[in-house]
Each structure stands twice: as structure tokens, then as C-alpha cells.
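To start, the structure under review is shown below, and the notes come after it.
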Amino acid sequence: MGYFNSVMQIGRLVKNAEMKMSKNGSAIVSFSIGVSEPHKDEQGNFTTRPNFFDIVMFGKYVQACMPSLTKGREVAIKGRLRQERWEKDGKHYARVVIYADDLQILREPKGNKQTEGVPTEDFEQQAMEAEILGDPIY
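Here this note's numbering runs 2 ahead of the position in the sequence shown, where the first position is 1.
Below is the structure:
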């Protein structure tokens, strides 16, 4: 039996993408997206729950896309999951990152309005409040 590691997500950028160059001159672009998940609350009402995913991409294609990878932009990504682990000050940390192989740029942000089912402008604040990165795992 083989192993399967594939993920596809459609979401909005939490903030503008950041680019670094590797030692061999290849672009490394990283960004986070917010994806809403519908669920029922305690009263039985449907609402949405935000989820946040860190994305890493490599190469000339994503480098050319940089001007469009701005906060609020809707994108579709396809890639694989990779767990990163590290230790700092005696504490162990881990996070799961999506290493994307394919990127499609979709809709532009619509000002301060919210696209149906996809929250936009408050993702960065929600991410900070949830302290997504840097929480110890044990």
C-alpha cells in the first residue's frame, strides 16, 4: 500500500506574501491563508470557524505572482503537508506547513466587505489572538 500526501485549499491571504532568495538564487515565497469552515454552534445555528494555513512555494512562477499575493486576495493552492519541528529555550515546537506545487490566483479583495462564507479583513487579528505559531506541543 502506498502513501498519499495531498491537500487542496481555497482561502484568502492573511497578509501580503513574503519572498526570500535561496543560496542558489531560487525564490522562496511564504504566506498564510484563512479558510472558513461551516459548523453548528450550541444553539444549532450555522456559523463559520476560521482556520489558518501557512504556505511555502518555490520558483519563478510564484516569484512572478508576488505583486498579486496581497492581503485579502483569494487563492487556490494544491500541495503536500510537511511537519516542521524545532526546539527553542528548552521547549519543543511543531507546525504543519503546506508546501504548494500549484497556485491559482482567484478573486481580488472586495474592500471591507466579506465574501460569502470567507472572512477577509480580520484574519490577521484572529491569527494573532489564536497564537497559531509558536505554541509548545509538549
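All C-beta atoms in this analysis are idealised placements derived from N, C-alpha and C, irrespective of residue type, glycine included.
Coil, strand or helix - residue i by DSSP
| i | result |
| --- | --- |
| Tyr63 | helix |
| Pro40 | strand |
| Ser143 | Nothing can be reported for residue 143, as the shown portion of the chain is limited to 3 through 140. |
| Pro52 | strand |
| Met10 | strand |
| Met3 | coil |
Residue i versus residue j - alpha carbon distance
| i | j | result |
| --- | --- | --- |
| Gln106 | Tyr95 | 31 angstroms |
| Val9 | Asp91 | 32 angstroms |
| Gly143 | Lys42 | Not covered by the structure: residue 143. The range shown for the chain is 3 to 140. |
| Lys17 | Lys80 | 19 angstroms |
| Lys25 | Thr49 | 45 angstroms |
| Val77 | Asp56 | 13 angstroms |
| Lys22 | Met3 | 38 angstroms |
| Gln85 | Arg97 | 6 angstroms |
| Val64 | Leu15 | 14 angstroms |
Contacting residues, own chain, Cβ-Cβ under 7 angstroms from residue i (five flanking each side not counted)
| i | result |
| --- | --- |
| Ala66 | none |
| Lys115 | Residue placement at Lys115 is poorly supported in this model, since its pLDDT is 47, which falls under 50; the coordinates are not used for a value here. |
Residue i - partner residues in DSSP beta bridges
| i | result |
| --- | --- |
| Leu15 | Ile35 |
Own chain, CB closer than 8 angstroms to residue i, minus 5 neighbours either side, in chain order
| i | result |
| --- | --- |
| Ser70 | Ile107 |
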